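Participant: Protein chains in written order, with UniProt numbering: chain A, 1 to 248; chain B, 1 to 248. Below is the structure I would like to discuss, written out as structure tokens.
There are 2 protein chains.
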Amino acid sequence: MISKGLLKYIRSLQIKKYRLLHQAFTVEGEKSVVELLQSGFEVETVLVTESFQQKHTHLLQKGFTLHIVTAEDLAKAGSMESNNAALAVAKMRPSHAYSWPENDLVLALDEVRDPGNLGTIIRIADWYGLKDIFLSENSADFYNQKVIAATMGSFTRITPHYVDLLQFLEKRPQNTQVYGAALQGENVHRLSLLPQGVLIMGNEAHGIRQEIMELVTKPVHIPGRGGAESLNVGTATAILLDNFYRSL
Amino acid sequence: MISKGLLKYIRSLQIKKYRLLHQAFTVEGEKSVVELLQSGFEVETVLVTESFQQKHTHLLQKGFTLHIVTAEDLAKAGSMESNNAALAVAKMRPSHAYSWPENDLVLALDEVRDPGNLGTIIRIADWYGLKDIFLSENSADFYNQKVIAATMGSFTRITPHYVDLLQFLEKRPQNTQVYGAALQGENVHRLSLLPQGVLIMGNEAHGIRQEIMELVTKPVHIPGRGGAESLNVGTATAILLDNFYRSL
């Protein structure tokens, strides 16, 4: 059983306003909660089923409130249709200043709105070893439960930075190449890319905003040969990052 | 208004058993329905809002039953949370015999179960110009409404073939290279690939089944440098197809 007050608190964290108010967010499912408990995040409360507790006893010794609950309780408290493992409430990490990396690719998202897409992008960024991600202020919220779920644990290794993207880009070091995904860009297969500079991915429907596009020095596109009009932004990010990292 | 009988029929098509019984499936949303109406699929019934009717009058002159309805009716009849455009019922295409292509990449899925992943894979296959996709018999159903939605219209250009994958692969022409996505495979960035042979993608949790893996002549993997343990199968298919088509 979960107390009414706790249930109400956990459920409220599905809404951004309350996540900001409490500086907290929820993590659901076995893989994601295990990764959370192995990370440096501060954890407030963990709800687990008996079987999760038995399997991961060593992870449950720390200074948070632990509740043993049923799968039904977890489904009631969280956003997943079914969850027979665990749900945790963790504290957001305080945002901190960021300086431009010397020799690294910077990934920036311009108004990517779909939580599933953002989660996919975080997972693929983690696959290629990025540590940070830069998002325009009205992009999807990193701490949204659907984003967290789609990252499959990668949210623990990637730091989000919500920025005024225009101001952020204007602070780039001289001679930084600014790549932008655009249907009219250069064929990415014909470029010799290294993971340096900035790669900007745009909104699902509208692409990169005009004022941001004006800062792009090298528009790139993924050549298609079939009938599909476009690629999903998560898929396109994956393919472009692979093109940046393939020569290493 | 939609009659009770029609509503019941349309809703029943969200279940595979009834899709098979009626050899019909549903297509929802503006983009998908427009692509359906421009394709060679036989269409039974189309429900549209007034605004969709006004925008796409030229597509609505054909021999199907047309109903003008509200967005609320569409949401009630379909699987989408909101739909202010259209919903159509179309006939499945009869499956037909398939012969191995001479000089083309064959994409085969071994027990890919998630409809969203299958839809993503169909969209990316269409992007690279594939015409067919081969699926083990217990893979996700091509005509599932979530699959159709995730393809963003690409379901009209890709033909699914549900096969006994083992028997299918045993019929391959001599000297066919059989690529399989596997974490212990060769680094795909170090291979010079052409879109020829077969590429097999495995189940979300278990990868390629052992008996299928035994037929793989060239296991391949996408090198990661970060902390993510794996890639989503849709993402991995996108990156691998891009590697096969990059030299063209």
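From the three backbone atoms N, C-alpha and C, an ideal C-beta is built for every residue, glycine too. Keep in mind that this is a model prediction, so the values were computed, not measured.
Does the separation of the CB atoms of residue 183(B) and residue 211(B) fall below 8 Å?
Facilitator: Numbered from 1 along the second sequence, position 183 holds the residue referred to as residue 183(B). Numbered from 1 along the second sequence, position 211 holds the residue referred to as residue 211(B). Going by C-beta atoms, residue 183(B) is not nearer than 8 Å to residue 211(B).
Participant: With residue 89(A) and residue 158(A) assumed to form a contact (beta carbons below 8 Å), what rounded beta-carbon distance in angstroms separates them?
Facilitator: As a position in the first sequence, residue 89(A) is number 89, starting the count at 1. As a position in the first sequence, residue 158(A) is number 158, starting the count at 1. Rounded, the Cβ-Cβ distance is 20 Å, inconsistent with contact.
Participant: Report the partner residues of residue 51(A) according to the DSSP bridge assignment.
Facilitator: By 1-based counting over the first sequence, the position of residue 51(A) is 51. Paired residue(s): none; residue 51(A) is not in a bridge.
Participant: Would you list the residues sitting across from residue 17(A) in a DSSP beta bridge?
Facilitator: Here residue 17(A) corresponds to residue number 17 of the first sequence, with the count starting at 1. The partner list for residue 17(A) (beta bridge, DSSP) is empty, contrary to what the question assumes.
Participant: Would you verify that the beta carbon of residue 154(A) is, or is not, closer than 8 Å to some beta carbon of chain B?
Facilitator: Mapped onto the first sequence, residue 154(A) falls at position 154. Yes, residue 154(A) lies at the interface with chain B (some Cβ there is under 8 Å from its Cβ).
Participant: Would you call the CB atoms of residue 201(B) and residue 236(B) closer than 8 Å?
Facilitator: Counting from 1 along the second sequence, the entry for residue 201(B) is found at position 201. Counting from 1 along the second sequence, the entry for residue 236(B) is found at position 236. In contact: residue 201(B) and residue 236(B) (Cβ atoms closer than 8 Å).
Participant: Could one say the Cβ of residue 113(B) lies closer than 8 Å to chain A's Cβ atoms, at least one of them?
Facilitator: Mapped onto the second sequence, residue 113(B) falls at position 113. Taking Cβ atoms only, chain A never reaches closer than 8 Å to residue 113(B), which makes this a no.
Participant: Report back the beta-carbon spacing between residue 100(A) and residue 190(A) to the nearest angstrom; my notes put them in contact at under 8 Å.
Facilitator: Walking along the first sequence from the start, residue 100(A) turns up at place 100. Walking along the first sequence from the start, residue 190(A) turns up at place 190. In fact, because the Cβ distance is near 27 Å, the residues do not count as touching under 8 Å.
Participant: Please go through the same chain and pick out, in chain order, the residues whose beta-carbon is closer than 7 Å to the beta-carbon of residue 98(B), but skip the five residues on each side of it.
Facilitator: What you label residue 98(B) is simply residue 98 of the second sequence in a count that begins at 1. Excluding residues within five positions, the ones whose Cβ falls inside 7 Å are 132 and 161.
Participant: Can you give me the C-alpha to C-alpha distance between residue 137(A) and residue 163(A), rounded to a whole angstrom?
Facilitator: Working through the first sequence from its first residue, we reach residue 137(A) at position 137. Working through the first sequence from its first residue, we reach residue 163(A) at position 163. Looking at the two C-alpha atoms, the distance is approximately 6 Å.
Participant: Against chain A, does residue 157(B) count as a neighbour if the rule is that its beta carbon must be under 8 Å from one of theirs?
Facilitator: Numbered from its first residue, the second sequence carries residue 157(B) at position 157. Yes, because at least one Cβ of chain A sits closer than 8 Å to the Cβ of residue 157(B).
Participant: Quick one: what's got a C-beta closer than 7 Å to residue 36(A)'s C-beta in the same chain, skipping five residues either side?
Facilitator: Taking the first residue of the first sequence as position 1, residue 36(A) is located at position 36. Excluding positions up to five away in sequence, the list reads 27, 43, 88, 90 and 156.
Participant: Quick check: the stretch 218–231 of chain A against the stretch 212–223 of chain B, are there 3 or more CB pairs under 8 Å?
Facilitator: At 8 Å Cβ cutoff, the stretches do not touch.
Participant: Drop a sphere of 10 angstroms on the beta-carbon of residue 250(B), count the other beta-carbons inside from all chains shown, and report buried for 16 or more, exposed for fewer.
Facilitator: This structure does not reach residue 250(B), given that chain B is present from 1 up to 248, and the question cannot be answered.
Participant: Going by DSSP, what residues sit across from residue 186(A) in a beta bridge?
Facilitator: As a position in the first sequence, residue 186(A) is number 186, starting the count at 1. Partner(s): 220(A).
Participant: Using three-state DSSP, classify residue 178(B) as helix, strand or coil.
Facilitator: Taking the second sequence and counting its residues from 1, one reaches residue 178(B) at position 178. Three-state result, residue 178(B): strand.
Participant: In whole angstroms, what is the alpha-carbon distance linking residue 20(B) and residue 192(A)?
Facilitator: Numbered from 1 along the second sequence, position 20 holds the residue referred to as residue 20(B). Numbered from 1 along the first sequence, position 192 holds the residue referred to as residue 192(A). About 49 Å.
Participant: With distances taken from CA atoms, which of 41(A), 186(A), 194(A) and 63(A) is nearest residue 106(A)?
Facilitator: Residue numbering aside, residue 106(A) sits at position 106 when the first sequence is read from its first letter. Among 41(A), 186(A), 194(A) and 63(A), the Cα nearest to that of residue 106(A) is on 194(A).
Participant: Could you compute how far the alpha carbon of residue 69(B) sits from the alpha carbon of residue 16(B)?
Facilitator: Reading the second sequence from its first residue, position 69 is the one you call residue 69(B). Reading the second sequence from its first residue, position 16 is the one you call residue 16(B). Answer to the nearest angstrom: the Cα atoms are 26 Å apart.
Participant: State the DSSP-derived secondary structure class of residue 147(B), mapped to helix, strand or coil.
Facilitator: By one-based count along the second sequence, residue 147(B) stands at place 147. Residue state, collapsed to three classes: helix.
Participant: Are there 16 or more other CB atoms within 10 angstroms of the CB of residue 247(B), so buried, or fewer, so exposed?
Facilitator: Along the second sequence, one-based indexing puts residue 247(B) at 247. Exposed: under 16 other Cβ atoms inside 10 Å.
Participant: Quick check on residue 130(B) - is its C-beta less than 8 Å from some C-beta in chain A?
Facilitator: Walking along the second sequence from the start, residue 130(B) turns up at place 130. So yes, residue 130(B) belongs to the interface.
Participant: Would you check if the distance between the CB atom of residue 203(A) and the CB atom of residue 112(A) is smaller than 8 Å?
Facilitator: As a first step, residue 203(A) is located in the first sequence; it is residue number 203 there, counting from the start. As a first step, residue 112(A) is located in the first sequence; it is residue number 112 there, counting from the start. Contact flag set, yes.
Participant: Using the Cα positions of residue 86(B) and residue 46(B), report the straight-line distance between them to the nearest angstrom.
Facilitator: The sequence position of residue 86(B) within the second sequence is 86, counting from 1. The sequence position of residue 46(B) within the second sequence is 46, counting from 1. When rounded, the distance between both Cα atoms is 7 Å.
Participant: Take the Cβ of residue 82(A) as the centre, count every other Cβ of all protein chains shown within 10 Å, and call the residue buried at 16 or more, exposed below.
Facilitator: As a first step, residue 82(A) is located in the first sequence; it is residue number 82 there, counting from the start. Residue 82(A) comes out exposed.
Participant: Determine the direct distance from the alpha carbon of residue 207(A) to that of residue 145(A), and round the result to whole angstroms.
Facilitator: Stepping through the first sequence from its first residue, residue 145(A) is reached at position 145. Stepping through the first sequence from its first residue, residue 207(A) is reached at position 207. When rounded, the distance between both Cα atoms is 25 Å.
Participant: Could you check the C-alpha separation between residue 61(B) and residue 40(B) for me, to the nearest Å?
Facilitator: By one-based count along the second sequence, residue 61(B) stands at place 61. By one-based count along the second sequence, residue 40(B) stands at place 40. Using only the alpha carbons, I get a separation of about 15 Å.
Participant: Which residue from 205(A), 232(A), 119(A) and 175(A) puts its Cα closest to that of residue 216(A)?
Facilitator: Taking the first sequence and counting its residues from 1, the one referred to as residue 216(A) is at position 216. Nearest C-alpha to residue 216(A): 175(A).
Participant: Counting only beta-carbon atoms, is residue 86(B) nearer than 8 Å to chain A?
Facilitator: Residue 86(B) sits at position 86 when you count from the first residue of the second sequence. It does not: the Cβ of residue 86(B) has no partner Cβ on chain A nearer than 8 Å.
Participant: Hey, residue 49(A) and residue 84(A): beta-carbon distance below 8 Å or not?
Facilitator: In the first sequence, residue 49(A) corresponds to position 49, counting from 1. In the first sequence, residue 84(A) corresponds to position 84, counting from 1. Yes. Within cutoff.
Participant: Could you tell me which residues DSSP puts in a beta bridge with residue 67(B)?
Facilitator: Indexing the second sequence from 1 puts residue 67(B) at position 67. Answer is 47(B), bridged to residue 67(B).
Participant: Terminal residues of the continuous beta strand (DSSP E) containing residue 28(B)?
Facilitator: Counting from 1 along the second sequence, the entry for residue 28(B) is found at position 28. 24–28 is the extent of the beta strand (DSSP E) around residue 28(B).
Participant: Please check if any C-beta of chain A sits within less than 8 Å of the C-beta of residue 225(B).
Facilitator: As a first step, residue 225(B) is located in the second sequence; it is residue number 225 there, counting from the start. Yes - at least one Cβ of chain A is within 8 Å of the one on residue 225(B).
Participant: Please compile the residues from chain B whose C-beta is within a distance smaller than 9 Å of the C-beta of residue 126(A).
Facilitator: As a position in the first sequence, residue 126(A) is number 126, starting the count at 1. Result: 224, 226, 227 and 228.
Participant: Tell me whether the beta-carbon of residue 209(A) lies closer than 8 Å to the beta-carbon of residue 114(A).
Facilitator: On the first sequence, residue 209(A) is found 209 positions in, with the first residue counted as 1. On the first sequence, residue 114(A) is found 114 positions in, with the first residue counted as 1. No; because the gap between Cβ atoms is not below 8 Å, this pair is not in contact.
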